[in-house]
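*Asks:* Residue numbers (numbering that gives the first Met the number 0), protein chains in the order written: chain A, 0 to 214; chain B, 0 to 214; chain C, 0 to 214.
Have a look at this one before I ask anything.
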Amino acid sequence: MKPPVINFSTLQAAVEVAATLAFALSGLLAGARKQLDAVGLCVVAGLSAFGGGTLRDVLLDRRPFFWVEHADWLWALLALSLGAMLFLRRRHLALTERAIQWPDALGLGLFTANGSLLALDMGMPAIVAVLMGVITAVFGGVLRDIVCNEIPAAFHDHRPYALCSFVGAWVLVAAVQLQAPQWAAISASAATAVLLRGLALWTGWMLPVWRINRR
Amino acid sequence: MKPPVINFSTLQAAVEVAATLAFALSGLLAGARKQLDAVGLCVVAGLSAFGGGTLRDVLLDRRPFFWVEHADWLWALLALSLGAMLFLRRRHLALTERAIQWPDALGLGLFTANGSLLALDMGMPAIVAVLMGVITAVFGGVLRDIVCNEIPAAFHDHRPYALCSFVGAWVLVAAVQLQAPQWAAISASAATAVLLRGLALWTGWMLPVWRINRR
Amino acid sequence: MKPPVINFSTLQAAVEVAATLAFALSGLLAGARKQLDAVGLCVVAGLSAFGGGTLRDVLLDRRPFFWVEHADWLWALLALSLGAMLFLRRRHLALTERAIQWPDALGLGLFTANGSLLALDMGMPAIVAVLMGVITAVFGGVLRDIVCNEIPAAFHDHRPYALCSFVGAWVLVAAVQLQAPQWAAISASAATAVLLRGLALWTGWMLPVWRINRR
């Protein structure tokens, strides 16, 4: 099959950069809310951005990590954290929070697709590949929240986040099963997760509450 | 030596299923108490059931994980979590909490014995094998409590739990040292831990308090 | 180059013993403050002492761990924890807290230098080696605080700790780059971190606060 006219890898790389920055910023905002110091801010930014992929690689026993192979990213993260500390003001906070929702959703989609594909390529069963996609996309934020001494938002705020990633990961598994070309599988999977997340944000859809949780 | 008349592996497998379900249910109950959403409930159920063995395998650098080799368990876990959300009512909670104490104690014993034996088979020193048994049996609950933003009950509630596992693990190491057959070593070790735990629950025995902790 | 007149390895080993004990004691004190039981105290002492190096080894995929190769240390840790529970009284607490500041600073320096050197020897890029030094020195305490259900002090108390380790690690990388002999590189790196930490403690220097954190 002919590759699409736009260069898919370049597009994917650009989206990945935007998504990783959005993840790192979400860490900075969470750290600021918790009054972390400069060191803590860098750490939660790094955990948010790379924690999910690193945990997946530890579980799959894959080396080198992304941030070892591309150590420049650690410099970028440091610069981002210090830059945010120098230039972000309180009045920027709400703005930033809204502004990162879309690149964050993109990251959710793309990391899901990449994580699942990678696990499938290593011969994992479908459900394990799906789990790895979800871990890649969601557990950076989970580690961020654990370090900030909060119950992870992904498990607690009743807004679909991991669920969007879960559905997107199944789309990838199905597309690979149907022998779709890689760019199509990644696009379909990521788009599904992004659209579901956008829909959830837009409609304010909440996960059903367990009856014994209702007050 | 002749194997016992009842088939030991079948018995062990049945006990393991009951124990894993009890561990998963303990996660669901903890998650319900913390008002987690459906995603969070599945995650804490999974961490409770498989977290200890997974952490042990990461430390021992063993692959594949149990839940990769037996991926059906992930489906079972998902079904259990959703089933509990559909069918468990508030009035069932206290009942469930009491009902899982015994399979939970069985899990404590069996996971201790299996974890220690596995580490011994990999040539670990005795004390490391004991530690791995305790991690297998106890750290699923520890990870559950960390995600639920609580001090782990195993470190804080002053009721013997990890200690029962610790003693049971030493029984396994001693039995292997004495070249007992494997089924006997596992049985003796698991039975020790289970009985100690039962005794502790029955008598309300508390761990001695450090003087500087006394209020 | 001629080795120094005093035996460097023996000196290093002695400092390491003192530092590991100081780290373990810091765990015991944190656990006592949180009213942990005997099991919890042993676990936080162990996490504080060995958690940082173990996390580094998991990330670098290195085995065996220090505490597997030197399993006697696990016995020492158990003895230390039980001994502290038997002999430490409330009036000793403040004293202990002050007394471990210096061996703790030594540990910060030495673990930084060792961790970075080890990562460099494995061919890691400079910034990754620095990160590994910081993880070795600081993340034992981070894991201790997570288990104690606190925001890690290293990220929150605004006193330079990880930063001293960070600077010390760069000294090591520079010294190795300049082909300094190993004992000189380790000494310079550790001394830098220790002196910075001492200076920070002595002057009460605080990390700059992010403007949006100021109340």
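For glycine and all other residues, C-beta sits at the position ideal for the given N, C-alpha and C.
#1: Output needed for residue 204 (chain A): all residues of its chain with C-beta closer than 6 Å, excluding positions within five of it in sequence on either side, in chain order.
#2: Taking the alpha-carbon of residue 31 (chain B) as reference, which of B:83, B:123, B:72 and B:14 has the nearest alpha-carbon?
#3: For residue 121 (chain B), count the other beta carbons within 10 Å of its own beta carbon; 16 or more makes it buried, fewer makes it exposed. Which is it?
#4: Quick check: residue 41 (chain B) and residue 87 (chain B), are their CB atoms within less than 9 Å of each other?
#5: Whole angstroms is fine: what's the gap from residue 17 (chain A)'s alpha carbon to residue 8 (chain A)'s?
#6: Looking at residue 172 (chain C): is its Cβ nearer than 9 Å to the Cβ of residue 128 (chain C)?
#7: When Cβ atoms are compared, which residues of the stretch 49 to 79 of chain B fall closer than 8 Å to chain A?
#8: Given a limit of 9 Å on CB to CB distance, which residues of the stretch 146 to 172 of chain A reach chain B?
#9: For the candidate residues C:53, C:176 and C:161, whose alpha-carbon lies nearest to that of residue 191 (chain C)?
#10: Based on Cα-Cα distance, which residue from A:108, A:47, A:21 and A:37 lies nearest to residue 208 (chain C)?
#11: So residue 215 (chain B) and residue 51 (chain B) are supposed to be a Cβ contact under 8 Å. How far apart are they, rounded?
#12: Under a three-way DSSP split, which group does residue 149 (chain B) fall into?
#13: Taking Cβ positions, are residue 220 (chain C) and residue 141 (chain C) nearer each other than 9 Å?
#14: Quick one, which residues of the stretch 184 to 208 of chain A are near chain B if we go by CB-CB under 9 Å, in chain order?
#15: Please check if any C-beta of chain B sits within less than 9 Å of the C-beta of residue 30 (chain C).
#16: Using beta-carbon positions only, say whether residue 189 (chain C) and residue 118 (chain C) come within less than 9 Å of one another.
#17: Give me the subset of the stretch 79 to 95 of chain B whose CB atoms are less than 7 Å from a CB atom of chain A, sorted by chain position.
#18: Does the CB of residue 99 (chain A) have a neighbour CB from chain B at under 9 Å?
#19: Using a Cβ cut-off of 9 Å (strictly closer), state whether residue 37 (chain A) contacts chain C.
#20: How would you list, in chain order, the residues of chain A whose beta-carbon sits under 7 Å from the beta-carbon of residue 123 (chain C)?
#21: Roughly how many whole angstroms lie between the Cα atoms of residue 214 (chain B) and residue 151 (chain B)?
#22: Kindly list the residues whose CB is nearer than 6 Å to the CB of residue 19 (chain B), restricted to its own chain and excluding five residues on each side of it in sequence; keep chain order.
#23: Taking Cβ positions only, does residue 24 (chain B) come closer than 9 Å to chain C?
#24: According to DSSP, is residue 122 (chain B) part of a helix, a strand, or is it coil?
#25: Kindly indicate the opening and closing residues of the alpha helix (DSSP H) around residue 203 (chain B).
#26: Buried or exposed, going by whether 16 or more other CB atoms sit within 10 Å of the CB of residue 85 (chain B)?
#27: For residue 154 (chain B), does the three-state DSSP call read helix, strand or coil?
#28: How far does the alpha helix (DSSP H) with residue 278 (chain B) in it extend, from its first residue to its last?
#29: Hey, quick one: how far does the alpha helix (DSSP H) through residue 178 (chain A) stretch, first residue to last?
#30: Once you ignore the five residues that flank residue 236 (chain B) on each side, which residues in its own chain have a CB closer than 8 Å to its CB?
#31: Which chain A residues sit within Cβ distance under 8 Å of residue 126 (chain C)?
#32: Count the other CB atoms within 10 Å of the CB of residue 53 (chain A); is the residue buried (16 or more) or exposed (fewer)?
*Replies:* So, from the listed chains and residues:
#1: Around residue 204 (chain A): no qualifying Cβ.
#2: Sorting B:83, B:123, B:72 and B:14 by C-alpha distance to the C-alpha of residue 31 (chain B) places B:83 at the top.
#3: exposed
#4: When the beta-carbon positions are compared, residue 41 (chain B) and residue 87 (chain B) stay at least 9 Å from each other.
#5: 14 Å
#6: Yes, these two residues count as a Cβ contact at 9 Å.
#7: Cβ contacts with chain A come from 53, 57, 60, 62, 64, 66, 67, 70, 73 and 74.
#8: Of all residues in the stretch 146 to 172 of chain A, those with a C-beta nearer than 9 Å to a C-beta of chain B are 148, 149, 150, 151, 153, 154, 155, 156, 157, 158, 159, 160, 161, 162 and 165, reading in chain order.
#9: C:161
#10: A:37
#11: Outside the shown range of chain B (0 to 214) lies residue 215 (chain B), about which nothing can therefore be said.
#12: coil
#13: Only positions 0 to 214 of chain C appear in this structure, which leaves residue 220 (chain C) out of reach.
#14: 205, 206, 207 and 208
#15: Closer than 9 Å to some Cβ of chain B, the Cβ of residue 30 (chain C) qualifies, so yes.
#16: no
#17: 84, 87, 88, 89 and 92
#18: So, not an interface residue.
#19: yes
#20: 67
#21: In this prediction, residue 214 (chain B) has a pLDDT of 47, which is less than 50 and means its spatial position is unreliable; what the coordinates show is noted afterwards. Approximately 21 Å between the Cα atoms of the pair.
#22: 48
#23: For residue 24 (chain B), the answer is no, since every Cβ of chain C falls outside 9 Å of its Cβ.
#24: coil
#25: Note, residue 203 (chain B): premise wrong, no alpha helix (DSSP H); not H, not E.
#26: exposed
#27: helix
#28: This structure does not reach residue 278 (chain B), given that chain B is present from 0 up to 214, and the question cannot be answered.
#29: No alpha helix (DSSP H) contains residue 178 (chain A), which DSSP labels as neither H nor E.
#30: Only positions 0 to 214 of chain B appear in the structure, and residue 236 (chain B) is not among them; the question remains open.
#31: 70, 73 and 74
#32: buried
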